[in-house]
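Take the sequence shown: its letter number 124 is residue 150 in the working numbering, and every next letter is one higher.
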Amino acid sequence: MAIQAIEQTDKRLRFEVPGSRRPSTYFFAVVLTVGGLGFLLAGLSPFVDTNLLPFTDTRTLSRIPQGVAMIFYGVLALLASAYYWMSLVLNLGAGYNEFDKDKNLLTIYRSGFPGKNRHIKFTHDLDKITGLKVEIKGGLNPARSLFLKIRGANNVRLSPIGQPPALVTVEDQAAAVARFLNIGIEGI
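Structure, rendered in structure tokens:
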């Protein structure tokens with residue numbers, strides 16, 4: 027995952043949050059597209075009595091159940107790949123976390139799917155921020171998350187969901203936010 031950009035002045039601190047445009051998303055989109063097309067063409071070959079795949083002879087497959095099953099799995103893979111390609115085009119989850127002392131405002135922005143939730147924007151007063159919480163879990167399902175503790179509200183997550191950011195990134199962000207807002211860090 028790319029290191030998040032930090033823009034800082036005396037009155038403003040801003041972190042860019044990466045979205046779904048990661049190498050793993052591109053990989054799965056390509057694999058599902060190629061695999062789905064392969065299954066679909068292999069399943070259609072017995073129905074049209076023509077070999078639609080140049081590197082193998084799929085005309086010998088029986089129409090039912092093998093041809094129908096191959097078509098079904100091919101269509102499912104292509105639908106899943108369409109979701110991946112759409113998330114790449116829309117860059118789902120991308121946004122920023124901004125702390126503005128002039129406006130006394132925390133702004134968290136993320137991009138979503140088209141519709142009423144295309145642009146998701148939360149704002150909180152900086153005065154209500156009581157601290158910073160860092161969660162680090164190792165093992166098979168690691169988690170490295172940064173949360174703001176806000177008086178009268180639930181903890182607000184600053185880290186992206188999905189692939190955990192590098193430990194150095196979480197530490198740098200926690201230190202920058204704590205210094206900027208003059209608050210304590212919990213969990214390190």
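By construction, the Cβ of each residue, glycine as well, lies at the ideal position given by its N, Cα and C atoms.
- Relative to Y135, the option among T35, D128 and Y122 whose CA is nearest is Y122.
- Contact between the segment 136 to 148 and the segment 84 to 98 is absent: fewer than 3 CB-CB pairs across the two stretches fall below 8 angstroms.
- H150 and F41 have their C-alpha atoms roughly 16 angstroms apart.
- Judged by beta-carbon spacing, A68 lies within the 8 angstroms limit of L87, meaning their Cβ atoms are closer than that value.
- Three or more pairs of CB atoms, one per stretch, sit closer than 8 angstroms, so the segment 104 to 115 contacts the segment 54 to 66.
- Taken in chain order, the complete beta strand (DSSP E) segments of 3 or more residues contained in the segment 33 to 116 are 38 to 43.
- Measuring C-alpha to C-alpha distances from I90 to each of T76, T82, F81 and S71 identifies S71 as the nearest.
- The shortest CA-to-CA distance from P49 to any of P80, W111 and R85 is the one to W111.
- For A169, there is no enclosing alpha helix (DSSP H); the residue is found in the beta strand (DSSP E) stretching over A169 to I176.
- DSSP places R205 within a helical segment (H, G or I) once states are collapsed to three.
- Fewer than three pairs of CB atoms, one per stretch, sit closer than 8 angstroms, so the segment 157 to 165 makes no contact with the segment 141 to 149.
- Rounded to the nearest angstrom, the gap between the Cα atoms of L172 and F148 is 16 angstroms.
- Annotation for G62: G100, A103, L104 and S107 place their beta carbon closer than 7 angstroms to its own, counting only its chain and skipping 5 residues before and after.
- I155 and L132 do touch by the CB rule: their CB atoms are close to 7 angstroms apart, below 8 angstroms.
- Looking at the DSSP output, I187 shares a beta bridge with no other residue.
- For D126, the uninterrupted beta strand (DSSP E) segment begins and ends at G121 to D126.
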